[in-house]
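Trainee:
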Amino acid sequence: MKNKVVDIEILARAFEMKVLKYTGYALNFNYCLECGRKIETTNYISFQSLGGICSYCNKVNGIGVTYATYNILKYIYETPLEELYKLSVDTETKKDIYKILNMIINQNYLKKPKSLQILNYIKEE
């Protein structure tokens, strides 16, 4: 990443999203997973469908989020790791993102991948 400072927590969340994607649990932030409408932003993420639900559809099996959290999740998911150094995220939003991804990971894996556990050790140092 050539001398650019990246927030380790954001990098860890981006890595978690990549692991989800490449193991068959890709997230969808562009279209409502109930009706298929294009969504720019929303305040609800479905754990069952792994993505956003528009304001017109039923919101079950998921979690309400702020629009900012949704937009940052979408940005992290769509942005190459090399460009994440540009992103600045407040502590509360980081906590929300961690909580959401942790719930998705725990729901979809019987055991959390060791590569994801290592990120917590790196963060603590």
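Positions in the sequence shown are counted from 1; adding 1 to them yields the numbering used here.
Note that CB positions come from ideal geometry on N, CA and C, so glycine has one too.
Remember, predicted model here, so these are calculated numbers, not experimental data.
1. From what residue to what residue does the alpha helix (DSSP H) around Tyr57 run?
2. Would you grab the beta carbon distance between Gly63 and Tyr78 for me? Rounded to a whole angstrom, and I think it's under 8 Å.
3. Taking the alpha-carbon positions, what's the Met2 to Lys87 distance?
4. Considering only residues of the same chain and omitting the five flanking positions on each side of Asn4, which have a CB-CB separation below 8 Å?
5. Asn109 to Thr70, Cα distance in whole Å?
6. According to DSSP, is Tyr32 helix, strand or coil?
7. For Leu102 and Arg38, which I take to be in contact (beta-carbon distance under 8 Å), what is that distance rounded to the nearest angstrom?
8. Between Glu84, Val20, Ser47 and Leu74, which lies nearest to Lys60 when the distance is taken from Cα to Cα?
Mentor: Judging by the given coordinates:
1. Looking at the DSSP string, Tyr57 is not in any alpha helix (DSSP H), and its letter there is neither H nor E.
2. Contact between Gly63 and Tyr78 fails: their C-beta atoms lie close to 16 Å from each other, not under 8 Å.
3. With a pLDDT of 42 at Met2, under the threshold of 50, the predicted position of this residue should be treated as unreliable, and no value is reported.
4. Residue placement at Asn4 cannot be trusted, given a pLDDT of 44 that sits under 50; the coordinates are not used to answer.
5. Each residue's alpha carbon lies about 21 Å from the other.
6. DSSP places Tyr32 within a strand segment (E or B) once states are collapsed to three.
7. So it is not a contact: roughly 24 Å between Cβ atoms.
8. Nearest option by C-alpha distance: Ser47.
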